[in-house]
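Have a look at the structure below before the remarks.
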Amino acid sequence: MEFGVNIFPCEYGIPPKVLGPELEERGFESIWVAEHSHIPKNRTAPWPGGDVLPQMYYDAMDPFVVLSAIAAVTEKLKVGTGIALVIQRDPIQTSKEVASLDVLSGGRVLFGIGAGWSLEEMENHGTDPNRRFGLMRESIEAMKSIWANEEAEYHGSQINFDPIISNPKPLQKPHPPIHVGGVLPGGLNRAVRYGNGWIPIAGRGEFDPHGWVKERDIACEKIERDPSEVEISIYGAPNNPKVIEELLDAGISRVVFGLPPEGTEPVMKVLDELTELKENF
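Quick note on our numbering: the sequence shown kicks off at 150 and runs consecutively.
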């Protein structure tokens, strides 16, 4: 089982050029950074995490810029979007960003994606919330075509373009691993259909690692896919040895701990605690 961390990268938080090497030195496998282009002032869509939306959601910097900065000062640490809101992004431009980051990092990208929850944020990007899951599938299919072909084209109900040439291509073949965020059953089904991993969030829905693995296996069997091709990464895992032991026993692929969007000193304190925890496994 691998260990990673996730963070909302904010300008008042620990600098990426500091965080990356510290994670690598402590043996963490990956870092995942969140994305929100903006938060609408008159938001009505409820946040799944509670009543009050944390300030870090308003302040998050661009994930690809942050991950590029981290990749530049590390050698082994995998750099992941956790998650990229692809339904709010142009797939042609995003495919180039992912491929460029994979090249610059030496093939270390983990492409975490999701459809999000902020309906007004989606609408401000021209996305119909009622069609967002179909759009996400088409976006990924279009990007896969761009990554795999010298001349790529895609013709869907929401995304449509004639043959194009777009370089560079990712170093990882056929493309960086795609990890799909979302709750059961939809999130898992989408991951099995067109992803390489599923990211459930600890604390949202029933916490049942053995059940998650079983559901993954069943979903893969339905389409005759090898379950080992779909990793399960627990996002926001608690700092609890008994829970980590349960996740390990269930066969979870990756545990991703949350870091606070704070300065270097408080983040390093949390990192030291997490390092001590993971070294017991």
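Ideal Cβ placement from N, Cα and C applies to all residues, glycine included.
Candidates Ala386, Lys391, Gly336, of which the one nearest Glu364 by Cα:
Counting from 1 along the sequence shown, the entry for residue 364 is found at position 215. When only C-alpha atoms are compared, the closest one is Gly336.
Roughly how far, in whole angstroms, is the beta-carbon of Asn132 from the beta-carbon of Pro326, given that I think they are within contact range, below 8 Å?
There is no way to answer for residue 132, as the model of the chain reaches only from 150 to 430.
Among Asn429, Val329, Met285, whose alpha-carbon lies nearest the alpha-carbon of Asn388?
Counting from 1 along the sequence shown, the entry for residue 388 is found at position 239. Of Asn429, Val329, Met285, the residue nearest in Cα terms is Asn429.
Tell me which residue opens and which closes the beta strand (DSSP E) that Ile180 is part of.
For the purposes of this step, residue 180 is taken as residue 31 along the sequence shown, with counting starting at 1. Start and end: 179 to 182.
Leu267 to Val392, Cα distance in whole Å?
As a position in the sequence shown, residue 267 is number 118, starting the count at 1. As a position in the sequence shown, residue 392 is number 243, starting the count at 1. Reading off the sequence, residue 267 comes out as Ser, not Leu. Spanning the two alpha carbons is a distance of roughly 30 Å.
Per the DSSP calculation, Leu259 is bridged to which residue(s)?
The sequence position of residue 259 within the sequence shown is 110, counting from 1. Gly229.
Suppose you measure from the CA of Glu378 to the CA of His185; what does that come to, to the nearest Å?
Residue numbering aside, residue 378 sits at position 229 when the sequence shown is read from its first letter. Residue numbering aside, residue 185 sits at position 36 when the sequence shown is read from its first letter. Whole-angstrom Cα-Cα distance: 29 Å.
DSSP has Phe152 in a bridge; who is on the other side?
Counting from 1 along the sequence shown, the entry for residue 152 is found at position 3. Note: Phe152 sits in a beta bridge opposite Val404.
Which class does Val329 belong to by DSSP, given the choice of helix, strand or coil?
Here the question's residue 329 lines up with position 180 in the sequence shown. Reduced to three states, the DSSP call for Val329 is strand.
Quick check on the DSSP output: what are the complete alpha helix (DSSP H) runs of length 4 or more inside the stretch 366 to 425, in order along the chain?
390 to 399
Can you tell me which of Val419, Leu284, Ser249, Gly385 puts its alpha carbon nearest to the alpha carbon of Leu234?
Numbered from its first residue, the sequence shown carries residue 234 at position 85. Here the closest residue by C-alpha is Leu284.
Identify, in the order they occur along the chain, each residue of the same chain with its Cβ nearer than 7 Å to the Cβ of Glu422, setting aside the five sequence neighbours on each side.
Looking up residue 422 in the sequence shown gives position 273. Result list for Glu422: Asn388, in chain order.
Would His324 be called buried (16 or more neighbouring beta carbons within 10 Å of its own) or exposed?
Translated into positions along the sequence shown, residue 324 becomes position 175. Classification for His324: buried.
Could you tell me the alpha carbon to alpha carbon distance between Leu202 and Pro312, rounded to whole angstroms?
Start at 1 with the first residue of the sequence shown, and residue 202 comes out as number 53. Start at 1 with the first residue of the sequence shown, and residue 312 comes out as number 163. Computed Cα separation, rounded: 42 Å.
Would you check if the distance between the CB atom of Gly169 and the CB atom of Leu226 is smaller than 7 Å?
On the sequence shown, position 20 is the one that residue 169 refers to. On the sequence shown, position 77 is the one that residue 226 refers to. Cβ atoms of Gly169 and Leu226: closer than 7 Å.
Simplified DSSP assignment, three categories, for Ile350:
For the purposes of this step, residue 350 is identified with residue 201 of the sequence shown, where counting begins at 1. In the structure shown, Ile350 sits in a strand (DSSP, three-state: E or B).
Glu428, DSSP secondary structure in three states:
Walking along the sequence shown from the start, residue 428 turns up at place 279. Three-state DSSP puts Glu428 in coil, outside helix and strand.
In the DSSP assignment, find the unbroken alpha helix (DSSP H) run with Asn338 in it and report its ends.
In the sequence shown, the residue the question calls residue 338 occupies position 189. Start and end: 335 to 343.
Please state if the CB of Ile295 and the CB of Gly261 are separated by a distance shorter than 7 Å.
The residue given as residue 261 occupies position 112 in the sequence shown. The residue given as residue 295 occupies position 146 in the sequence shown. Taking 7 Å as the Cβ cut-off, Gly261 and Ile295 do not qualify as a contacting pair.
Tell me the DSSP secondary structure of Ile313 in three-state form.
Here residue 313 is taken as the residue at index 164 of the sequence shown, counted from 1. Of the three classes helix, strand and coil, the one that applies to Ile313 here is strand, per DSSP.
Buried versus exposed call for Leu397 [16 or more other C-beta atoms within 10 Å across all chains shown]
Within the sequence shown, numbered from 1, the residue matching residue 397 stands at position 248. It counts as exposed.
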